[in-house]
């Protein structure tokens with residue numbers, strides 16, 4: 001049993017189902033899927049929630065009026081019969097009485113199916129289908145423009161979802177074109193019984209607002225892509241690394257020169273490299289090491305062309321590349 005009404009209860013339950021998870025989500029950590037959280041993530045999440053609640057309110061509580069559905073009567077019910085049914089509820093408003101007068105013609109009922117009750121009821125100067133179509137245009141057009149503005153905010157710079165804007169607006173434009181084409185060209189079939197008639201205006205009103213409801217949510221939860229940082233941002237770190245490398249090379253050069261000037265350190269250095277050369281020679285002359293190196297593709301046999309080991313050839317090519325790419329600084333005179 002509903003507490004207030006079915007529509008109001010559905011709206012309240014839907015609102016709680018949206019607001020509570022959103023509050024929990026906004027209180028989470030500042031990282032999203034291991035990537036930095038967009039700076040506008042929270043305000044845009046609030047915007048999407050408010051937009052969703054408004055559209056739920058519109059869909060559940062502000063459905064366009066439809067006299068035939070409200071009274072549950074066929075579309076071919078004579079206007080006088082509808083007028084008598086309405087008198088049982090009280091006095092008939094003048095605008096509703098004007099609507100019933102216009103519904104006396106069959107063409108007006110087909111326009112009722114295309115453009116809805118509000119257009120037929122409020123357009124006092126309309127007589128032709130073109131005039132009714134022009135009168136019906138502003139409301140859906142403003143709705144699409146408003147939704148395009150919402151999509152622009154959801155994909156604004158700083159949301160990390162700028163790339164999805166064209167897809168969202170494209171879907172919106174495709175929906176608008178499809179709705180306009182279908183409403184203006186569809187054949188309205190009204191059987192003699194007047195039952196089972198598709199109310200195209202009401203159906204496309206629902207489709208339009210459902211798309212308005214889900215499109216911002218989809219764009220908001222699609223994967224984000226942080227902007228690529230400018231190369232100038234890393235210029236300072238590269239400059240620092242180069243300076244450290246230059247300082248290290250200068251320190252190595254000065255240390256090596258100092259070691260060569262002292263007989264003890266010079267002798268120790270010579271002994272160290274002599275030991276390394278002797279140990280390397282032992283390894284290179286070992287037949288088992290040579291065989292294993294060939295199996296692993298690291299042969300170091302001396303020779304020319306195909307007889308030269310792969311490791312030795314690679315080392316030779318690396319040294320030659322360094323020699324070719326090195327440019328000695330020009331002396332300043």
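Numbering (UniProt numbering), first residue to last: 1 to 333.
We treat Cβ as the ideally placed atom computed from N, Cα and C, and that holds for glycine.
Counted within 10 angstroms of its Cβ, other Cβ atoms place residue i as buried (16 or more) or exposed
i           : result
residue 159 : buried
residue 191 : exposed
residue 277 : exposed
residue 144 : buried
residue 94  : exposed
residue 2   : Confidence is the limiting factor: at residue 2 the pLDDT is only 43, short of 50, which leaves the residue's position unreliable and the question unanswerable from this model.
residue 225 : exposed
residue 44  : buried
residue 115 : buried
residue 122 : exposed
residue 146 : exposed
Residue interval of the alpha helix (DSSP H) (run including residue i)
i           : result
residue 197 : Counting along the chain, residue 197 falls outside any alpha helix (DSSP H), and DSSP gives it neither H nor E.
residue 80  : 79 to 87
residue 54  : 41 to 61
residue 142 : 138 to 154
residue 288 : 287 to 295
residue 122 : 117 to 122
residue 182 : 165 to 185
residue 72  : Neither: residue 72 is in no alpha helix (DSSP H) and is coded neither H nor E.
residue 256 : 235 to 261
Top-ranked residue by Cα proximity to residue i, from the options
i           : options          : result
residue 128 : 116, 139 and 108 : 108
residue 211 : 179, 105 and 200 : 179
residue 283 : 299, 125 and 117 : 299
Residues near residue i by beta carbon distance below 7 Å, same chain, minus five either side
i           : result
residue 184 : 133
residue 162 : 155
residue 197 : 75, 113 and 190
residue 202 : 64, 66 and 116
residue 222 : 161 and 164
8 Å Cβ shell around residue i - same chain, five flanking residues per side excluded
i           : result
residue 11  : 56, 57, 60 and 61
residue 315 : none
Residues near residue i in its chain [Cβ-Cβ closer than 6 Å; skip 5 each side]
i           : result
residue 279 : none
Inset, instruction - Count the CB pairs spanning the stretch 82 to 90 and the stretch 60 to 73 that are closer than 8 Å, and state whether there are at least three. - result: With a cut-off of 8 Å, the stretch 60 to 73 and the stretch 82 to 90 count as touching, because enough Cβ pairs lie within range.
Inset, instruction - Evaluate contact between the stretch 84 to 100 and the stretch 130 to 145, counting only Cβ atoms and requiring at least three cross-stretch pairs below 8 Å. - result: The stretch 84 to 100, when compared against the stretch 130 to 145, does not touch it at the 8 Å Cβ threshold.
Legend entry - Stretch pair the stretch 203 to 218 + the stretch 163 to 182: three plus CB contacts closer than 8 Å: A contact between stretches requires three or more CB pairs, one per stretch, nearer than 8 Å, and the stretch 203 to 218 meets this requirement with the stretch 163 to 182.
Inset, instruction - Say whether the stretch 209 to 222 touches the stretch 235 to 247, bearing in mind that this needs 3 or more beta-carbon pairs closer than 8 Å, one atom from each stretch. - result: Counting Cβ pairs under 8 Å, fewer than three are found: no touch.
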